[in-house]
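Novice: The structure follows.
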Amino acid sequence: MHYKMATMHGTEMTSLVFFIIIVGVACDGHALHTSWAQIDQLWKDEAEAIARMRTTIHSLNKLNEVLNRYVASWEELAGSSDFESRSGDPAAAYSLLHHVSRGWRHVDPLLQEAKGVFSDIEHLASRADRELLPNAEDLIGASESLARLAHVYRLNTTELARGGLSTAVDQQRDSAQHTLSMSDLANIGLVAINKGFFGVAVEFLRAARSRADIHAHTALQAGFGGDYTPQRLDDLINTAVRVHDHVLAMRGPRSLTHATAPRPYAKARARGTATSTSELSEVVVGTEFLKRHVNSTWMRNYRQLVELQQVERLCRGEDLRPAEVTSQLTCSYMAGSSTWLLLAPFKVEVLSQDPYITIVYEVMKPREAEEVKAKAGHLLQTPHNAAYGNSENGTQSGWTLKHTWLQGKDESTLRNLGLRLGQLIDVVLDDAVSEPYMVANYGMGGTYEAHRDTHGPARRPHSPVAGERLATLLTYVEAPRAGGRTVFPWVGAGVTPAEGATVIWWNLLASHEHDFLTRHAACPVLRGHKWIINKWVGYKAQWRKHPCPADPARKMQLPCA
């Protein structure tokens, strides 16, 4: 559990335990919420299953009606006596012949029709053996994703309940909007408080209570929803508010494991012992970070939280750099040192000078993108375990994506992509000297926490032949309609995905040390689908092309005009 219960006392501890019991313990799921490709497949599979169910219901209803009539006819004929007592009775024999001859001609065709129904039933009964079906853990993961979206993008939960996702990063509205039920909202609220989104939890529970008022004269919840009466929702809201205000007073509005609203919900709360976060709201980027880097106390106590807060600000579309830095950035056509690309240079935008980060547009054609998605779609796997990986400090960290690895030698599209990029930045990307291409599809609120791509001395590179990851080539195969930025918290900049574009950055200094400023994160996908291809440039194959300079702190700056 994310929130540290050791900081809770009295009724707040009891309330939090109450929430955990409500959420329950789930068994392993398929993490379907971590891949939109697999959620889309679930839509198709469910539509097929419903079609079979409708056929079965229709056929069995007709059969049931005729069978009931046939049985009623028999009971009228036979009554309570046995057939021996009617043996030899011509009138009874006539009635029997009439019952069977007239009745069976109605029963038999429906029984023949039902044979196909039984095959549908058998197909439905074996569905769990063929398909990835969601369970309680998948639902909890999806609830956490929605809670994270609401927190990062400051969504209005009341509007979200009505089907809206309008935020500062997504002003568009769909004509068809899906509304969340009272049960949906309450379930998300309960998961949110268990995952540390205390302010978001209160808002979701309040939105659920509002829906209870709207539908006061109808059934509270149709289908398979939970039993949420207005009184129960009131009790949950009161408990959530007490827990929220206690955490805010004791720990402040933000930590690595919790988030609250900036102010308490109750009108009067005693002052707590929360540490002031004024220092944490200060933007720290570039050389300023390097100055603080030598301060072990700051690194230990504040670095991760500052990084997290800057990631969230960048995800909402901010640029944290001063104008004197952003004014130096350029856009131009570049061919690198390739005579081949001189015929058709790429459009390149410089996102950052230090570290050198560029966005190369129109690297992949739409047809090629569809080919990659079709190839990778059925191969997607969850990294590490069902919904989580381990962060660099050993704690669980949410990432909602699935991926697979493809070789360039097997896919002409990837081979061509590698050829174009290799020419532009003058590197070798052959399969024999580099890692395969990683194709990933993000899911609901798809995100990846801040991390570095290099392995460093503590981790062995995936490919001994390729060695350390000199550079990262991140290609957007499909761009989401909102959200899903790639952000660099210590640079103070972010990239809004563009289909077919590749973001290039260099992970290593000339000394082979990791450039800490290249730590990056994938922001939650708010609306739409996000597919990417990652190609890491292996260090070992490049040293002949790019020999080490004398200055160990020097950084690569390719492509260049």
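Residues in the sequence shown are numbered consecutively from 4, following our numbering. Every residue gets a Cβ at the ideal spot worked out from N, C-alpha and C, and that includes glycine. Here the structure is a predicted model, which is why all the values come from computation and not from measurement.
Would you mind giving the Cβ-Cβ distance between Ala482 and Pro467, rounded to the nearest angstrom? I have them listed as a contact below 8 Å.
Specialist: Their Cβ separation, rounded to whole angstroms, is 34 Å, which puts Ala482 and Pro467 out of contact at 8 Å.
Novice: Take Val363 as the anchor and find which of Glu371, Pro369, Leu354 and Arg370 has the nearest alpha-carbon.
Specialist: Leu354
Novice: According to DSSP, is Val297 helix, strand or coil?
Specialist: coil
Novice: Out of Gly495, Met559 and Gly487, which has the shortest C-alpha to C-alpha gap to Thr475?
Specialist: Met559
Novice: Grab me the residues of Val540's own chain with a C-beta within less than 6 Å of its C-beta, minus the 5 sequence neighbours each way, in chain order.
Specialist: Val430, Leu473 and Ala474
Novice: When you compare the CB positions of Val205 and Ala145, do they come within less than 7 Å of one another, or not?
Specialist: no
Novice: Using DSSP's beta-bridge definition, name the partner residues of Ala164.
Specialist: According to DSSP, Ala164 bridges with nothing at all.
Novice: For the beta strand (DSSP E) holding His406, just list the boundary residues, first then last.
Specialist: Leu404 to Leu409
Novice: Do Ile240 and Leu193 count as a contact pair if the criterion is CB distance below 7 Å?
Specialist: It is not a contact, given that the beta carbons lie outside the stated cut-off.
Novice: Suppose contacts are defined by Cβ-Cβ distances below 7 Å. Is Val480 in contact with Ile428 by that definition?
Specialist: no
Novice: Along the beta strand (DSSP E) that carries Trp39, what are the first and last residues, could you check?
Specialist: No beta strand (DSSP E) contains Trp39, which is instead part of the alpha helix (DSSP H) from Trp39 to Ala81.
Novice: Can you say whether Ile191 is buried or exposed, counting buried as having 16 or more other CB atoms within 10 angstroms of its CB?
Specialist: buried
Novice: What distance in whole Å lies between the Cβ atoms of Val528 and Gly486, which are believed to be in contact at a cut-off of 8 Å?
Specialist: 5 Å
Novice: Within the chosen definition, does the segment 407 to 415 reach the segment 366 to 384 through at least 3 CB pairs nearer than 8 Å?
Specialist: yes
Novice: Would Trp534 and Asn444 qualify as a contact pair, given that the criterion is a beta-carbon distance under 7 Å?
Specialist: yes
Novice: Since Pro562 contacts Met337 with CB under 8 Å, what's their CB separation in whole angstroms?
Specialist: 5 Å
Novice: May I have the straight-line CA-CA distance separating Arg266 from Leu251, to the nearest angstrom?
Specialist: 8 Å
Novice: Between Lys405 and Ser38, how many whole angstroms is the CB-CB distance? I'm expecting something under 8 Å.
Specialist: 4 Å
Novice: Quick one, are the C-beta atoms of Gln313 and Pro492 less than 7 Å apart?
Specialist: yes
Novice: With 16 as the cutoff for other CB atoms within 10 Å, does Arg105 come out buried or exposed?
Specialist: exposed
Novice: According to DSSP, is His97 part of a helix, a strand, or is it coil?
Specialist: Before going on, a small fix: residue 97 reads as Tyr here, not His. Residue state, collapsed to three classes: helix.
Novice: Would you identify the three-state DSSP class for Leu473, choosing helix, strand or coil?
Specialist: strand
Novice: In the segment 176 to 210, which residue ranges form an unbroken alpha helix (DSSP H) of at least 4 residues, counting only runs that do not cross its ends?
Specialist: 185 to 197
Novice: Considering only residues of the segment 324 to 360, which uninterrupted alpha helix (DSSP H) runs meet the minimum length of 4 residues and lie entirely inside it, listed in chain order?
Specialist: 326 to 329
Novice: Just to confirm, are Leu3 and Leu308 a CB contact at a threshold of 7 Å?
Specialist: No information on residue 3 is available, as it lies outside the stretch 4 to 564 that the chain covers here.
Novice: Is Ala556 helix, strand or coil when you go by DSSP?
Specialist: coil
Novice: Give every residue of the same chain whose Cβ lies closer than 8 Å to the Cβ of Ile42, excluding the five residues on either side of it in the sequence, and list them in chain order.
Specialist: Leu35, His36, Gly446 and Met447
Novice: Starting from the Cα of Tyr231, find the closest Cα among Ala211, Lys65 and His247 and give me that residue.
Specialist: When only C-alpha atoms are compared, the closest one is Ala211.
Novice: What three-state label does DSSP hand Ser400 in the structure shown?
Specialist: Per-residue confidence for Ser400 stands at a pLDDT of 48, beneath the threshold of 50, marking its modelled position as unreliable; no derived number is given.
Novice: Start and end of the alpha helix (DSSP H) containing Val442?
Specialist: Note, Val442: premise wrong, no alpha helix (DSSP H); beta strand (DSSP E) at Tyr440 to Tyr445.
Novice: Among His454, Thr403, Leu63 and Asp48, which residue has its Cα nearest to the Cα of Leu311?
Specialist: His454
Novice: Give every residue of the same chain whose Cβ lies closer than 8 Å to the Cβ of Asp554, excluding the five residues on either side of it in the sequence, and list them in chain order.
Specialist: Same-chain partners within the cutoff: Ala513.
Novice: Hey, would you say Gly199 sits closer than 7 Å to His261, going by beta carbons?
Specialist: yes
Novice: Can you grab the Cα-Cα spacing for the pair Gly421 / Ala525, in whole Å?
Specialist: 23 Å
Novice: I need the DSSP call for Arg235, collapsed to helix, strand or coil.
Specialist: helix
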